[in-house]
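Peer 1: To start, I am sharing the structure in question, which I have written as structure tokens.
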Amino acid sequence: MKYLNRKAGTLAIALFSASLLSACGGGSSSSNNDVVAGIETKTASYEIAVTNLTSNQPLSPLLAQLHRSDYRAWVIGTSASEGLELLAEGGDNNTLLNAPSSHVYSAVSGVGAVAPGAGSIFSIAADVNSEMSSDLKLTLISMLVNTNDAFVGKTGIDLSSLDVGETVKHYLPIYDSGTEANSELQGTIPGPADGGEGFNMARDDVDYVARHPGIVGIDHGYTESVLNSTHGFDSPAAVLTITRTE
């Protein structure tokens, strides 16, 4: 398998990013705020900064959600939702972004894929009353696009005690959605390493979310793999910095 040179690799990421923008509606947001009349509210705003720590795994457009503690985008050991499956297999965050929910106050998509070593910064906000503010959580999620169904993120990050001007940092682990076998075969990986299929309705794996075991790749004797050692990864795959701005 030939390695892409830097220029070709950058072009491939750019083309893949453009296709994801079309799928995800990059830079879009949704709000499900349902504030009771007569109860004073205030805007809680946060700057979200994510840096890709991998060597050759572009991240799909980032998805951030502000929500209550009784919402989780995923739970280890349980079956992935359709929205999570779409994101983990194809980088498409539209379903999670726009899904109506009384538990999710606001959701925002970043713009474009995040290349290895690069970063993305965007903002998310919600109008909250005192009860909502005391139970405010954040979820951040993205696909590692040179995989079958790996995603990086955290769900249920507590923001209730983060004051304006304060910053908190989280290192993001890697998960396997369990919806697609980690075959690494040609035509099965949507990222620039392959340009293959993204989402497939058929679930041919364990059908529960778990920590990702990593790739094998052609350099470790798996001759049918379209991946090589540069596509390997260790947790964490990204670092998330959250700053309260309002």
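Numbering (mature numbering (1 follows the signal peptide of the UniProt record, and there is no 0)), first residue to last: -23 to -1, 1 to 223.
We put the beta carbon where it would ideally sit given N, CA and C, even for glycine.
Whose C-beta lies closer than 6 Å to the C-beta of T220 among residues of the same chain, with five residues either side of it excluded?
Peer 2: Residue 220 sits at position 243 when you count from the first residue of the sequence shown. E24 and T144, listed in sequence order.
Peer 1: Once the 5 residues before and after H147 are set aside, which same chain residues still bring their CB inside 7 Å of it?
Peer 2: Position 170 of the sequence shown holds residue 147. So the list reads K131, I134 and L217, once near-sequence residues are dropped.
Peer 1: Spatial neighbours of H44 within its chain, please: C-beta separation below 7 Å, excluding the five flanking residues on both sides.
Peer 2: If you number the sequence shown from 1, residue 44 lands on position 67. Contacts found: H80, V81, Y82, K114 and T116.
Peer 1: Which whole-angstrom value describes the C-beta separation of I166 and N125, a residue pair presumed to lie in contact below a C-beta threshold of 8 Å?
Peer 2: As a position in the sequence shown, residue 166 is number 189, starting the count at 1. As a position in the sequence shown, residue 125 is number 148, starting the count at 1. About 6 Å; that satisfies the 8 Å criterion.
Peer 1: Taking the beta carbon of P38 as the centre, do at least 16 other beta carbons fall within 10 Å, making it buried, or is it exposed?
Peer 2: Here residue 38 is taken as the residue at index 61 of the sequence shown, counted from 1. That one is buried.
Peer 1: So the candidates are D47, L139 and N75; which of them puts its Cα closest to the Cα of residue 224?
Peer 2: The chain is shown from -23 up to 223; residue 224 falls before or after that span and cannot be answered.
Peer 1: Which term fits Q163, buried or exposed, when burial requires 16 or more other beta carbons within 10 angstroms of its beta carbon?
Peer 2: Here residue 163 refers to the residue found at position 186 of the sequence shown. Q163 should be labelled exposed.
Peer 1: I need the boundaries of the beta strand (DSSP E) containing M120, first residue and last residue.
Peer 2: Translated into the one-based positions of the sequence shown, residue 120 becomes position 143. That run of the beta strand (DSSP E) goes K114 to M120.
Peer 1: So D140 and A187 are in contact, right, with Cβ under 8 Å, and what is the actual spacing, rounded?
Peer 2: Here the question's residue 140 lines up with position 163 in the sequence shown. Here the question's residue 187 lines up with position 210 in the sequence shown. Going by Cβ atoms, the distance from D140 to A187 rounds to 35 Å, so no, they are not a contact pair.
Peer 1: Are the CB atoms of M120 and A158 nearer to each other than 8 Å?
Peer 2: Residue mapping note: residue 120 aligns to position 143 of the sequence shown, counting from 1. Residue mapping note: residue 158 aligns to position 181 of the sequence shown, counting from 1. No, these two residues do not count as a Cβ contact at 8 Å.
Peer 1: Does the distance from the C-beta atom of N33 to that of T207 stay below 8 Å?
Peer 2: By 1-based counting over the sequence shown, the position of residue 33 is 56. By 1-based counting over the sequence shown, the position of residue 207 is 230. Yes, they are a contact pair.
Peer 1: Have a look at F210 and N70 and give me their C-alpha separation to the nearest angstrom.
Peer 2: The residue labelled residue 210 in the question sits at position 233 within the sequence shown. The residue labelled residue 70 in the question sits at position 93 within the sequence shown. Using only the alpha carbons, I get a separation of about 22 Å.
Peer 1: DSSP three-state call for S111: helix, strand or coil?
Peer 2: Residue 111 sits at position 134 when you count from the first residue of the sequence shown. Three-state result, S111: coil.
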